[in-house]
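Colleague:
In UniProt numbering, the protein residues as written are 1 to 340.
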């Protein structure tokens with residue numbers, strides 16, 4: 001393609017990326033190094049027949065003038081990133097000095113809000129992503145092997161979890177997990193414990209959140225794999241059958257290598273989505289047991305006092321986390337492409 005044609009071809013997408021990706025990220029970074037101005041306090045001395053008293057109040061005019069002069073707020077640099085709500089370097093160093101061992105150190109470290117959120121986020125990502133890929137592949141192979149007459153209904157049923165809105169789907173599962181729900185009641189019977197409650201147990205809550213994540217995301221992996229299975233070379237499969245290859249050997253040596261590029265694509269999408277887990281935590285009301293980076297951003301922006309600089313810092317740390325997670329997959333894809 002000529003340079004001029006290539007320029008006009010990529011111009012619309014480049015403008016869109018600048019407007020909706022680059023500039024918003026730049027804005028988030030800018031907001032994260034500024035914090036709100038402290039309110040100007042003034043002292044007022046009131047004297048009466050019983051003596052004088054000094055009271056303090058907020059000087060609204062001076063505070064408004066300060067905010068008007070510096071609308072971005074007070075510059076703090078990287079101070080927000082290192083405070084107790086984020087990386088908390090001083091608190092981590094103190095915990096390291098005071099802890100008797102690694103176990104005690106990590107137990108106390110997870111009491112800090114950022115590390116509590118990153119622990120669940122990473123656990124959720126590294127558990128849900130591979131299970132989603134494996135389950136989606138198994139469903140795709142099973143549906144592709146079914147009789148043509150029933151493939152349509154099977155595809156429709158398999159896609160239902162993905163069609164349902166995440167918030168609605170997680171609410172349905174949340175009600176089923178209630179002590180009066182079908183799953184909650186069944187677990188009480190199986191465990192022979194009438195007081196067993198998923199909502200009161202951190203390990204069970206983590207497990208249910210991950211089960212929901214796999215249930216909701218597997219249909220996406222399934223439909224992509226199913227489309228990829230239609231492109232497998234049938235001559236190669238028949239040749240493998242003639243050579244005596246079993247069904248598992250045909251899948252292992254013919255189908256899986258053919259679908260590796262698709263697996264990379266699914267892994268990229270799922271890593272990004274799972275690292276930004278949010279809806280299940282809100283729907284399950286699981287804040288007491290599990291918090292994520294996205295939930296931390298939501299928590300900073302909600303309520304009467306919105307902590308914009310804190311939310312911006314957490315957002316930028318989330319972007320860095322996503323970039324770190326995706327970099328190995330992107331580098332491997334780039335190397336495979338350059339070899340070809």
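Every residue, glycine too, gets a C-beta built ideally from N, C-alpha and C.
Specify whether the stretch 260-276 and the stretch 318-336 touch according to this definition: at least 3 beta carbon pairs, one from each stretch, less than 8 Å apart.
Modeller: In short, these stretches touch, since the Cβ pair count reaches three.
Colleague: List, from N- to C-terminal side, the alpha helix (DSSP H) runs of 4 residues or more that fit wholly inside the stretch 152-230.
Modeller: Counting only runs of 4 or more, we get 166-177, 182-191, 202-229.
Colleague: For residue 279, count the other beta carbons within 10 Å of its own beta carbon; 16 or more makes it buried, fewer makes it exposed. Which is it?
Modeller: Answer is buried; the Cβ neighbour count reaches 16.
Colleague: Using only the alpha-carbon positions, how far apart do residue 41 and residue 57 sit?
Modeller: Near 6 Å, if we compare the C-alpha coordinates of residue 57 and residue 41.
Colleague: Please report the straight-line C-alpha distance between residue 71 and residue 94, rounded to a whole angstrom.
Modeller: Going by the C-alpha atoms only, they are around 36 Å apart.
Colleague: When the Cα of residue 159 is compared with those of 140, 167, 146, which residue comes out closest?
Modeller: Of the candidates 140, 167, 146, the one whose C-alpha sits nearest the C-alpha of residue 159 is 140.
Colleague: In chain order, what residues of the same chain lie with their CB nearer than 8 Å to the CB of residue 109, ignoring the 5 residues before and after it?
Modeller: Within the same chain, residue 109 has close Cβ partners 92, 95, 115.
Colleague: Quick check on residue 82: does DSSP put it in helix, strand or coil?
Modeller: Residue 82: coil per DSSP, three-state reduction.
Colleague: In the structure shown, what three-state DSSP assignment does residue 67 receive?
Modeller: The answer is helix: DSSP assigns residue 67 an H, G or I state.
Colleague: Measuring CB to CB, does residue 315 end up less than 9 Å from residue 28?
Modeller: Yes, Cβ-Cβ distance for residue 315 and residue 28 is below 9 Å.
Colleague: Residue 67 to residue 73, Cα distance in whole Å?
Modeller: When rounded, the distance between both Cα atoms is 7 Å.
Colleague: On the premise that residue 292 lies in contact with residue 121, defined as a C-beta separation below 8 Å, what is that separation, rounded to the nearest angstrom?
Modeller: Right, their Cβ atoms sit about 5 Å apart.
Colleague: How would you call residue 83, buried or exposed, if buried means at least 16 neighbouring beta carbons within 10 angstroms?
Modeller: Residue 83 is buried by the Cβ-count criterion.
Colleague: Suppose contacts are defined by Cβ-Cβ distances below 9 Å. Is residue 177 in contact with residue 210 by that definition?
Modeller: Not a contact, by the Cβ cut-off of 9 Å.
Colleague: From residue 244 to residue 234, what does the alpha carbon distance come to, in whole angstroms?
Modeller: Approximately 15 Å between the Cα atoms of the pair.
Colleague: In angstroms, rounded to a whole number, what distance separates the CA positions of residue 268 and residue 329?
Modeller: The straight-line gap from Cα to Cα measures roughly 7 Å.
Colleague: Distance check for residue 288 and residue 60, CA to CA, integer angstroms please.
Modeller: Spanning the two alpha carbons is a distance of roughly 37 Å.
Colleague: Apply the 10 Å Cβ neighbour rule to residue 64 and answer buried if 16 or more other Cβ atoms are within range, or exposed otherwise.
Modeller: Exposed, since its Cβ has fewer than 16 Cβ neighbours within 10 Å.
Colleague: Give the range of the alpha helix (DSSP H) segment to which residue 251 is assigned.
Modeller: Where residue 251 is concerned, there is no enclosing alpha helix (DSSP H), given that its DSSP letter is neither H nor E.
Colleague: Less than 8 Å between the CB atoms is what I'm expecting for residue 228 and residue 262, so what's the real figure, rounded?
Modeller: Between residue 262 and residue 228 the Cβ distance is about 4 Å, and since that is below 8 Å, they are a contact.
Colleague: Taking 9 Å as the threshold (beta carbon to beta carbon), is residue 232 in contact with chain B?
Modeller: The question asks about chain B, but that chain is absent: this structure has only one protein chain.
Colleague: Are the Cβ atoms of residue 220 and residue 136 separated by less than 9 Å?
Modeller: In this structure, residue 136 lies closer than 9 Å to residue 220 by Cβ.
Colleague: Just tell me which of 200, 185, 127, 30 has its CA closest to the CA of residue 284.
Modeller: The candidate whose alpha carbon is nearest that of residue 284 is 200.
Colleague: Quick one: is residue 133 buried, meaning 16 or more other Cβ sit within 10 Å of its Cβ, or exposed?
Modeller: By the 10 Å Cβ count, residue 133 comes out buried.
Colleague: Look at the Cβ atom of residue 80, then the Cβ atom of residue 312, and state whether they are nearer than 9 Å.
Modeller: Result yes, Cβ atoms of residue 80 and residue 312 sit closer than 9 Å.
Colleague: Considering only C-alpha positions, which residue in the set 216, 87, 260 is nearest to residue 231?
Modeller: Per the Cα distances, 260.
Colleague: In the DSSP assignment, find the alpha helix (DSSP H) that holds residue 3 and state where it starts and stops.
Modeller: 3-17 is the extent of the alpha helix (DSSP H) around residue 3.
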